[in-house]
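A short write-up of the structure that comes next.
Residue numbers (the working numbering): 1104 to 1394.
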């Protein structure tokens, strides 16, 4: 019985709504038929300037070119629909007005439920993240370009330093894996020329002549002096081909030594001693970096 009662109410409501719609449609048709030719031309020209909405839709044909609507155009259609609904409410009976108002209230409640602070915040957060990601890519490109320039400059300086095989700058590049050899006469002269230019510049800048300093030379502890001198002599020997050796393997040059005193002196030579010896010899011009 409840179902049949509701069914009857729905049918009566639909019939009443159909009658109202029919009356509205007939009245609109009558108004359109009573318009003058001049008003029709004016409306046609007005429709041609519209790109969205009901009037614009009536002008669409098979040769019409369409595109995606912009945000202002969408808002214009929404505003037009709201005005149309308001006009219909003014011309509807009380019962239908209540029904339409209820529907509008339901729509507004739905919008209130969907347009929450959390959703707006999450949407803004997504926009912020996309903006930051795009800005981070641009910043990364600038940072990488700056790093590439710095690395290129550093590489150029390192390359210039690596071309030096004797002297103070070359000595700073010597490591345990560096190969060394006896310096040539021209390489020794280069170190001597550099040292003389340095001393002349120091003398020109000084008003008071500094006291005489002892002549620079290889400084070695007495307990390892025999082994170090033997290693240097082995490297500076005039054998063919020229003797080259890795700094970490300099002790291997004396692997066949059988003298007890020299063997005990060689046992005291550590890796740090070999590295210091190689660097000092390269700085003084006694040895040179091979390659």
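All C-beta atoms in this analysis are idealised placements derived from N, C-alpha and C, irrespective of residue type, glycine included.
Residue range of the unbroken alpha helix (DSSP H) whose run includes residue i
| i | result |
| --- | --- |
| residue 1392 | Counting along the chain, residue 1392 falls outside any alpha helix (DSSP H), though it belongs to the beta strand (DSSP E) covering 1390-1392. |
| residue 1347 | Premise fails: residue 1347 lies in the beta strand (DSSP E), 1347-1349, not in any alpha helix (DSSP H). |
| residue 1107 | 1105-1136 |
| residue 1334 | 1328-1338 |
| residue 1382 | 1374-1387 |
| residue 1366 | 1363-1370 |
Straight-line Cα distance separating residue j from residue i
| i | j | result |
| --- | --- | --- |
| residue 1183 | residue 1240 | 43 Å |
| residue 1112 | residue 1120 | 12 Å |
| residue 1277 | residue 1299 | 24 Å |
| residue 1324 | residue 1247 | 49 Å |
| residue 1207 | residue 1163 | 30 Å |
| residue 1392 | residue 1322 | 20 Å |
| residue 1136 | residue 1167 | 27 Å |
| residue 1296 | residue 1384 | 16 Å |
| residue 1133 | residue 1229 | 53 Å |
| residue 1123 | residue 1218 | 35 Å |
| residue 1118 | residue 1220 | 43 Å |
| residue 1351 | residue 1235 | 51 Å |
| residue 1243 | residue 1159 | 48 Å |
| residue 1115 | residue 1216 | 33 Å |
Within-8 Å CB hit, residue i to chain C
| i | result |
| --- | --- |
| residue 1157 | This model lacks chain C altogether, as it is built from one protein chain only. |
Supposed contact pair residue j and residue i - C-beta distance, whole angstroms, cut 8 Å
| i | j | result |
| --- | --- | --- |
| residue 1357 | residue 1369 | 6 Å |
| residue 1346 | residue 1353 | Contact flag wrong, Cβ pair sits at about 11 Å. |
| residue 1274 | residue 1382 | 4 Å |
| residue 1171 | residue 1155 | Not really, about 11 Å apart at Cβ, beyond 8 Å. |
4-residue-minimum alpha helix (DSSP H) runs that sit fully inside the stretch 1222-1305, ordered along the chain: 1271-1275
Segments assigned beta strand (DSSP E), at least 3 residues, entirely inside the stretch 1150-1179: none
Cβ contact (3+ pairs, closer than 8 Å) linking the stretch 1201-1212 and the stretch 1161-1181: no
Three or more C-beta pairs below 8 Å linking the stretch 1372-1391 and the stretch 1316-1335: yes
Three or more C-beta pairs below 8 Å linking the stretch 1382-1391 and the stretch 1277-1297: yes
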